[in-house]
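What follows is one structure encoded as structure tokens, with my remarks underneath.
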């Protein structure tokens with residue numbers, strides 16, 4: 001007889017997550033969605049909570065869980081942009097370094113045809129794809145931030161905003177009859 005599966009362990013909440021919920025509760029009180037007593041009570045509960053699943057009920061009755069009440073953190077956005085620029089800069093630096101090595105080898109061997117053109121072309125293409133991916137990621141994160149979602153809320157966003165029910169009309173077709 002198989003043993004019953006154990007539930008997954010609970011995930012502890014961080015101070016940043018608690019502060020984010022408290023800022024949502026403050027904004028909800030300022031907007032008149034919560035009374036001051038109710039907001040104070042929820043904030044106290046938030047600061048006493050230890051696990052993530054204890055935080056969700058505190059904002060569950062607010063419109064869109066209060067996400068639209070708090071603007072995104074500009075410092076965090078600046079850090080993400082800086083990290084993206086550093087990653088792309090590292091990629092470009094690697095391509096230049098490898099290009100210099102390949103060109104030096106070509107010059108020292110005296111080969112007539114400039115064969116480093118092919119690896120350098122692939123490296124340049126990888127850099128273009130890296131920049132494109134970073135740009136798309138920044139736009140996606142800006143979209144999530146405008147909707148009030150934080151960095152750790154991607155799974156929750158997908159659960160509510162992705163899939164066939166959300167895209168009704170675009171994904172109506174049933175392709176199960178195809179044999180490919």
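Numbering (UniProt numbering), first residue to last: 1 to 180. Each residue gets a CB set at the ideal place from its N, CA and C atoms; glycine is no exception.
Could you have a look at residue i and say whether DSSP puts it in helix, strand or coil?
| i | result |
| --- | --- |
| residue 215 | Any property of residue 215 remains undetermined from this structure, which presents the chain solely from 1 to 180. |
| residue 17 | helix |
| residue 170 | Low confidence applies to residue 170: its pLDDT is 48, below 50, so where it sits in the model is not reliable, and the reading given next is rough at best. Coil at residue 170, not helix or strand. |
| residue 70 | coil |
| residue 4 | coil |
| residue 63 | helix |
| residue 140 | helix |
| residue 114 | coil |
| residue 126 | helix |
| residue 39 | helix |
| residue 34 | coil |
Span of the alpha helix (DSSP H) holding residue i?
| i | result |
| --- | --- |
| residue 100 | 74–109 |
| residue 59 | 56–59 |
Per DSSP, which one or two residues make a beta bridge with residue i?
| i | result |
| --- | --- |
| residue 47 | DSSP output for residue 47 lists no bridge partner at all. |
List the whole-angstrom C-beta distance separating residue i from residue j, where the pair is believed to meet the contact cut-off of C-beta under 8 angstroms.
| i | j | result |
| --- | --- | --- |
| residue 35 | residue 91 | Residue 35 to residue 91, Cβ: 52 angstroms. No contact. |
| residue 134 | residue 88 | 6 angstroms |
| residue 28 | residue 58 | That pair is no contact at about 10 angstroms. |
| residue 99 | residue 120 | 5 angstroms |
| residue 86 | residue 141 | Rounded, the Cβ-Cβ distance is 16 angstroms, inconsistent with contact. |
| residue 138 | residue 84 | 6 angstroms |
Give a single yes or no on whether residue i has its beta carbon closer than 7 angstroms to a heavy atom of the ligand PLP.
| i | result |
| --- | --- |
| residue 18 | Because no ligand of any kind appears in the structure shown, any question about the ligand PLP cannot be addressed here. |
| How do the stretch 59–75 and the stretch 16–27 stand: do at least 3 beta-carbon pairs fall below 8 angstroms, yes or no? | Touching, yes, given that three or more Cβ pairs across the two stretches are closer than 8 angstroms.
| Can we say the stretch 95–106 touches the stretch 118–135, given the rule of at least three CB pairs closer than 8 angstroms? | Counting C-beta pairs with one atom in each stretch, the stretch 95–106 and the stretch 118–135 have three or more that are closer than 8 angstroms, which means they touch.
| task | Check whether the stretch 35–51 touches the stretch 11–19, taking contact to mean three or more Cβ pairs, one atom from each stretch, closer than 8 angstroms. | result | At 8 angstroms Cβ cutoff, the stretches touch.
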